[in-house]
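Chemist: Every letter in the sequence shown is one number past the one before it in our numbering, and letter 302, counting from 1, is 359.
Note that CB positions come from ideal geometry on N, CA and C, so glycine has one too.
Small disclaimer: the values here were computed from a predicted structure and weren't measured.
Submitted below is the structure of interest, expressed as structure tokens.
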Amino acid sequence: MEDDVASPPGASHRIPQEVLSEIFMFYGLFHDYRASKLNQLCLVDRTWHSVAMTTPRLWCRIRIGADDPDSDYKVDLADDEQKSRNEQRIESLARYTSRSGIAPLDVSIYHITWDQGYPDILEILGHSMNRWRSLHIVNHNDAEPYQSLSYCIDALPSLEKLSLCSNSGNGVDSTYEHLPFVPTSRLKELTMEGAGSIPFLLFTSLPLDLNLLLPCLRGLTSLTFKHLKADRDDQSCSSRIYPMLREAPNLEFLTLHTPDLTWDDSLNSDCLELPVLRRLSISSWRARERLRPLTAPALESLWFHEVCGSDEFPEPGVHVITDFIERSAPPLRELYIGDDALDTRLFDGGVLSTLCELEVLTLVGMDIPEDGMQLLWAPLNDSTAWACPRLRSFSASKAPVAYFLRLLEARNPPLGSSCRSNTNIPARLTHIGCGLDAQDMEAISEALGAYPTRVK
Numbered sequence: 058m059e060d061d062v063a064s065p066p067g068a069s070h071r072i073p074q075e076v077l078s079e080i081f082m083f084y085g086l087f088h089d090y091r092a093s094k095l096n097q098l099c100l101v102d103r104t105w106h107s108v109a110m111t112t113p114r115l116w117c118r119i120r121i122g123a124d125d126p127d128s129d130y131k132v133d134l135a136d137d138e139q140k141s142r143n144e145q146r147i148e149s150l151a152r153y154t155s156r157s158g159i160a161p162l163d164v165s166i167y168h169i170t171w172d173q174g175y176p177d178i179l180e181i182l183g184h185s186m187n188r189w190r191s192l193h194i195v196n197h198n199d200a201e202p203y204q205s206l207s208y209c210i211d212a213l214p215s216l217e218k219l220s221l222c223s224n225s226g227n228g229v230d231s232t233y234e235h236l237p238f239v240p241t242s243r244l245k246e247l248t249m250e251g252a253g254s255i256p257f258l259l260f261t262s263l264p265l266d267l268n269l270l271l272p273c274l275r276g277l278t279s280l281t282f283k284h285l286k287a288d289r290d291d292q293s294c295s296s297r298i299y300p301m302l303r304e305a306p307n308l309e310f311l312t313l314h315t316p317d318l319t320w321d322d323s324l325n326s327d328c329l330e331l332p333v334l335r336r337l338s339i340s341s342w343r344a345r346e347r348l349r350p351l352t353a354p355a356l357e358s359l360w361f362h363e364v365c366g367s368d369e370f371p372e373p374g375v376h377v378i379t380d381f382i383e384r385s386a387p388p389l390r391e392l393y394i395g396d397d398a399l400d401t402r403l404f405d406g407g408v409l410s411t412l413c414e415l416e417v418l419t420l421v422g423m424d425i426p427e428d429g430m431q432l433l434w435a436p437l438n439d440s441t442a443w444a445c446p447r448l449r450s451f452s453a454s455k456a457p458v459a460y461f462l463r464l465l466e467a468r469n470p471p472l473g474s475s476c477r478s479n480t481n482i483p484a485r486l487t488h489i490g491c492g493l494d495a496q497d498m499e500a501i502s503e504a505l506g507a508y509p510t511r512v513k
């Protein structure tokens, strides 16, 4: 910026600097703290330049990578000319990092091949690793996220979030050596996504030594495993998940999306209580078996998807979901079930009548009996109370149009009708999700009357 550039008068110059700083933070949040967008703030005038440079929190998001659109600092060491450009980029990265002062940093590393000399980049960031708050690594090869992490050892003690992702579809790659990685209790969120067995080989070599894991596991509040795969004859991956969960009493969010992972169900027969778990998302082969040993008394959201069909499962209609709800007695607000085999006790046994806090109910793949829907169409037997009185969203992929019409008639009476004065009338439905044709959708829309409801 030239020294002789005068700051034009304007309303922004009357804004206190601390307020302008907060405005810049909202601007950065809107643009995901992109370096190019933040640098534009510095070019407006001297006041904006000064405020931006003295707002360390504005410069705490760092993305580096090779030929990736998510990177702010792209690097390519293919030839001397590009090496020269990389030196300029590295210098720019160093300046960018210095602007963050002592504030915590969120770092992402995308698709870097380390045998080309990229550790030089992390050497620039080495002095700041002790204040890295989160680290997100994405690579194509199964081993590369693990290798990238080995260059960031100094950041591990301060990390609160760690995410390792591989886009490879080549299966397990276990040719790399084990990293002496011992997480600390500061780590709150752990995400492992990819085709390899990185998350299990990462912590410790076989046999599993939970003593090394305890500091990390006891501090975790969020754990995500997605798209993991192991050799068909190797069940060591699945055998480690439940022992890990048993040592993670503070988990609030758990995601197990492992459709290609083979499980050894004989190792998971013991009951496992997750006392503060609020959201559970399961999508796997024999997902019912993943749910069978669990108890979650604080659960607010259950997302359940059975990958194998009822013809592959020896007990179609088994009451795993209702057993879980009865056992846990959770304050569920959202329930999603994707399963072509209906757990009949969900309706027949009146389990829905116990879900007084439920606001969202989604049933995908299953046929719903008409007598079961009576629970949602009318008050409970010999009572003025309703099942799921707070229900606002109902979706069902195989329900006929008559079900939705009766549901709307019962729960969405005309706004001016006298029945609205009845204190026992349930909440109105504001969302309907269904797999109906255009004619049926039109019938539902007509039934809505003066009260608009979102229909999909």
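Identify, in the order they occur along the chain, each residue of the same chain with its Cβ nearer than 8 Å to the Cβ of ARG243, setting aside the five sequence neighbours on each side.
Modeler: Position 186 of the sequence shown holds residue 243. Only PRO214, SER215, LEU216, GLU217, GLY276 meet the Cβ criterion.
Chemist: So what's HIS184 in DSSP terms, helix, strand or just coil?
Modeler: Here residue 184 corresponds to residue number 127 of the sequence shown, with the count starting at 1. Looking at HIS184 - three-state DSSP - the assignment turns out to be helix.
Chemist: Under a three-way DSSP split, which group does THR352 fall into?
Modeler: Within the sequence shown, the letter at position 295 stands for residue 352. Three-state result, THR352: strand.
Chemist: Classify VAL164 as helix, strand or coil using the three-state DSSP reduction.
Modeler: Along the sequence shown, read from residue 1 onward, the residue named residue 164 stands at position 107. The answer is strand: DSSP assigns VAL164 an E or B state.
Chemist: Give me, in chain order, the residues of the same chain whose beta-carbon lies closer than 6 Å to that of THR248; leave out the 5 immediate sequence neighbours on both sides.
Modeler: Locating residue 248 in the sequence shown gives position 191, counting from the first residue. Same-chain partners within the cutoff: SER220, THR281.
Chemist: Looking at LEU115: is its Cβ nearer than 8 Å to the Cβ of GLY158?
Modeler: Residue numbering aside, residue 115 sits at position 58 when the sequence shown is read from its first letter. Residue numbering aside, residue 158 sits at position 101 when the sequence shown is read from its first letter. Result no, Cβ atoms of LEU115 and GLY158 do not sit closer than 8 Å.
Chemist: Give the range of the alpha helix (DSSP H) segment to which ILE382 is assigned.
Modeler: The count along the sequence shown starts at 1 and reaches residue 382 at position 325. Per DSSP, ILE382 belongs to the alpha helix (DSSP H) from 377-385.
Chemist: So what does DSSP say about LEU192, is it helix, strand or coil?
Modeler: The sequence position of residue 192 within the sequence shown is 135, counting from 1. Strand.
Chemist: Note down, in chain order, each residue of its chain lying with its Cβ closer than 6 Å to the Cβ of TYR90, except the 5 sequence neighbours on either side.
Modeler: To locate residue 90, count along the sequence shown from 1; it is residue 33. ARG118.
Chemist: Taking only three categories from DSSP, how would you classify GLU363?
Modeler: Residue numbering aside, residue 363 sits at position 306 when the sequence shown is read from its first letter. Note: GLU363 maps to strand in three-state DSSP.
Chemist: So is ARG468 buried or exposed if we call it buried at 16+ other beta carbons inside 10 Å?
Modeler: Taking the first residue of the sequence shown as 1, we reach residue 468 at position 411. With 16 or more other Cβ atoms within 10 Å, it is buried.
Chemist: Secondary structure at ARG114, three-state DSSP: helix, strand or coil?
Modeler: To locate residue 114, count along the sequence shown from 1; it is residue 57. If DSSP states are grouped into helix, strand and coil, ARG114 belongs with the helices.
Chemist: DSSP on ILE255, reduced to helix/strand/coil?
Modeler: Along the sequence shown, one-based indexing puts residue 255 at 198. Low confidence applies to ILE255: its pLDDT is 47, below 50, so where it sits in the model is not reliable, and the reading given next is rough at best. Of the three classes helix, strand and coil, the one that applies to ILE255 here is helix, per DSSP.
Chemist: In terms of alpha-carbon separation, which member of TYR208, ARG103, CYS99, THR112 lies closest to VAL76?
Modeler: Working through the sequence shown from its first residue, we reach residue 76 at position 19. Looking at the Cα atoms, THR112 is the closest of the given residues.
Chemist: Of the residues TYR203, SER223, ASN187, SER185, which one's Cα is nearest the Cα of VAL195?
Modeler: Translated into positions along the sequence shown, residue 195 becomes position 138. Answer by Cα proximity: SER223.
Chemist: Just tell me which of GLU427, SER207, GLU180, ASN438 has its CA closest to the CA of LEU464.
Modeler: Residue 464 sits at position 407 when you count from the first residue of the sequence shown. The candidate whose alpha carbon is nearest that of LEU464 is GLU427.
Chemist: When DSSP labels each residue in this structure, what does ARG485 get in the three-state scheme?
Modeler: The residue given as residue 485 occupies position 428 in the sequence shown. In the structure shown, ARG485 sits in coil (DSSP, three-state: anything other than H, G, I, E or B).
Chemist: Return helix, strand or coil for GLU499, following the three-state DSSP convention.
Modeler: The count along the sequence shown starts at 1 and reaches residue 499 at position 442. If DSSP states are grouped into helix, strand and coil, GLU499 belongs with the helices.
Chemist: Ignore the nearest five residues each way along the sequence and tell me which others in ASP291's own chain have a CB closer than 6 Å to its CB.
Modeler: Within the sequence shown, residue 291 is the residue found at index 234, counting from 1. Summary for ASP291: the model assigns pLDDT 49, below 50, so the residue's position carries little reliability; its value from the coordinates is reported in the next sentence. Result list for ASP291: empty, nothing under 6 Å.
Chemist: Helix, strand or coil: how does DSSP classify CYS328 here?
Modeler: Mapped onto the sequence shown, residue 328 falls at position 271. Three-state result, CYS328: coil.
Chemist: Find the nearest neighbour of ASP163 within the set ILE181, LEU192, LEU182, judged by alpha-carbon distance.
Modeler: Residue mapping note: residue 163 aligns to position 106 of the sequence shown, counting from 1. Checking every option, the nearest Cα to that of ASP163 belongs to LEU192.
Chemist: Just to confirm the assignment, what range does the alpha helix (DSSP H) spanning MET82 have?
Modeler: Your numbering for residue 82 matches position 25 in the sequence shown. 74-87 is the span of the alpha helix (DSSP H), which, as asked, contains MET82.
Chemist: Can you give me the start and stop residues for the beta strand (DSSP E) that SER340 sits inside?
Modeler: Locating residue 340 in the sequence shown gives position 283, counting from the first residue. Here the beta strand (DSSP E) through SER340 covers 336-341.
Chemist: Give me the Cα-Cα distance between ALA151 and GLN145, rounded to the nearest whole angstrom.
Modeler: On the sequence shown, position 94 is the one that residue 151 refers to. On the sequence shown, position 88 is the one that residue 145 refers to. Their Cα atoms are separated by approximately 10 Å.
Chemist: Between the C-alpha atoms of LYS94 and HIS488, what's the straight-line distance to the nearest angstrom?
Modeler: Taking the first residue of the sequence shown as position 1, residue 94 is located at position 37. Taking the first residue of the sequence shown as position 1, residue 488 is located at position 431. Straight-line Cα distance between these residues: approximately 37 Å.
Chemist: Helix, strand or coil, according to DSSP, for THR411 in the structure here?
Modeler: The residue given as residue 411 occupies position 354 in the sequence shown. If DSSP states are grouped into helix, strand and coil, THR411 belongs with the helices.
Chemist: Pick helix, strand or coil for LYS283, following the three-state DSSP scheme.
Modeler: Counting from one through the sequence shown, the residue named residue 283 turns up at place 226. Strand.
Chemist: Return the CA-CA distance between HIS184 and PRO73, expressed in angstroms with no decimal places.
Modeler: Position 127 of the sequence shown holds residue 184. Position 16 of the sequence shown holds residue 73. Approximately 33 Å, taken between the alpha carbons.
Chemist: For TRP189, which residues of its own chain have a beta-carbon under 7 Å away from its beta-carbon, when the five flanking residues on both sides are left out?
Modeler: For the purposes of this step, residue 189 is taken as residue 132 along the sequence shown, with counting starting at 1. The answer, listed in chain order, is LEU162, VAL164, ALA212, SER215, LEU216.
Chemist: Can you confirm whether SER279, when its beta carbon is compared against all beta carbons of chain B, has any partner nearer than 8 Å?
Modeler: Among the protein chains of the structure shown there is no chain B, as only one such chain exists.
Chemist: Return the bridge partner residues of HIS314 from the DSSP annotation.
Modeler: Here residue 314 refers to the residue found at position 257 of the sequence shown. DSSP output for HIS314 lists LYS283, SER340 as bridge partner(s).
Chemist: Buried or exposed: where does ILE382 fall if 16 or more other Cβ atoms within 10 Å of its Cβ makes it buried?
Modeler: Here the question's residue 382 lines up with position 325 in the sequence shown. Label assigned to ILE382: buried.
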